[in-house]
Structures are given as C-alpha cells and as structure tokens.
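**Q**
Numbering (UniProt numbering), first residue to last: 1 to 121.
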C-alpha cells in the first residue's frame with residue numbers, strides 16, 4: 001500500500017468519527033479538529049494534529065514519504081479506538097447488576113420450591 005493510500009484511508013476514518021460523534025465541521029482534518037476541540041477526549045488533539053500534518057505533507061508535497069509507516073498506523077488506530085464511543089461504565093454496571101439479581105432470584109425460587117420440583121420426577 002502506498003503512503004498516499006495509507007494516509008488517506010486512515011485520515012478518512014478519523015474524519016468520519018469526528019463528524020459523526022463529535023459534530024465537527026470544516027473542510028480538512030485540521031479544521032475538523034479545531035471545530036470540536038472542546039468536545040474531544042483530553043490528550044488526543046496533539047496526535048490528531050500530527051495525523052493531519054502527515055496527511056497534508058504526503059498528499060501535497062511532491063516526493064514526501066512517511067518515515068515510519070507502522071508508527072503512523074499505530075497512532076491512527078489508537079485515535080480510532082479513543083474516538084469510537086463505548087457504552088458507559090454505568091450502563092455495564094447496571095446490566096451486570098440486573099443479571100446478578102435475576103440469577104439470585106432464580107436460585108432462591110429453586111431452593112424454596114425444590115421439594116415440589118423433585119416430586120415431579
């Protein structure tokens with residue numbers, strides 16, 4: 001995969017996440033970052049700016065090549081993971097609590113009615 005293919009595909013994913021989940025507006029990646037800066041998770045702006053700068057250099061500067069493709073791709077993957085929304089911890093605790101309570105209620109019902117269940121067989 002060429003540098004341009006890699007950079008454009010990776011930056012396009014990030015642009016989509018910024019527009020969809022952070023309501024970013026603008027033409028380029030730098031403008032998108034600026035438009036939603038206050039809504040972004042803490043500490044990602046520098047890495048996003050790095051990705052945008054590398055994208056612009058690869059696409060617009062003749063003969064520019066990425067020095068470390070794997071590092072660039074790792075940074076992009078990290079940003080994709082961070083920018084992709086996850087269910088909140090509260091929601092997972094709530095679901096876990098409901099499952100635990102329903103399991104305990106089921107066990108209690110079996111224990112209370114065990115004699116009747118055994119007599120059926």
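Glycine residues also receive a C-beta, built at the ideal position from the N, C-alpha and C atoms.
Every value quoted in this text rests on a predicted model; they were computed, and no experiment measured them.
#1: Quick check on residue 36: does DSSP put it in helix, strand or coil?
#2: Whose CA, out of 10, 3, 6 and 63, lies closest to the CA of residue 78?
#3: Which residue from 33, 25 and 109 puts its Cα closest to that of residue 122?
#4: Flag this pair as touching only if the stretch 105 to 120 and the stretch 65 to 76 have three or more C-beta atom pairs under 8 Å; answer yes or no.
#5: Using only alpha-carbon positions, find the residue among 93, 13, 92 and 91 that is nearest to residue 48.
#6: Based on Cα-Cα distance, which residue from 28, 66, 83 and 60 lies nearest to residue 20?
#7: Counting along the chain, where does the alpha helix (DSSP H) carrying residue 103 start and finish?
#8: Hey, residue 58 and residue 4: beta-carbon distance below 7 Å or not?
**A** Checking against the coordinates, here is how it stands:
#1: In the structure shown, residue 36 sits in coil (DSSP, three-state: anything other than H, G, I, E or B).
#2: In terms of Cα proximity to residue 78, the closest of 10, 3, 6 and 63 is 10.
#3: Outside the displayed span of the chain (1 to 121) sits residue 122, for which this structure offers no information.
#4: Because the criterion of three Cβ pairs below 8 Å is not met, the stretch 105 to 120 and the stretch 65 to 76 do not touch.
#5: Distance check between residue 48 and each of 93, 13, 92 and 91 places 13 closest, using alpha-carbon atoms only.
#6: Of the candidates 28, 66, 83 and 60, 83 places its Cα closest to the Cα of residue 20.
#7: Run containing residue 103: 89 to 112, per the alpha helix (DSSP H) assignment.
#8: Against a cut-off of 7 Å, the Cβ pair of residue 4 and residue 58 comes out as a contact.
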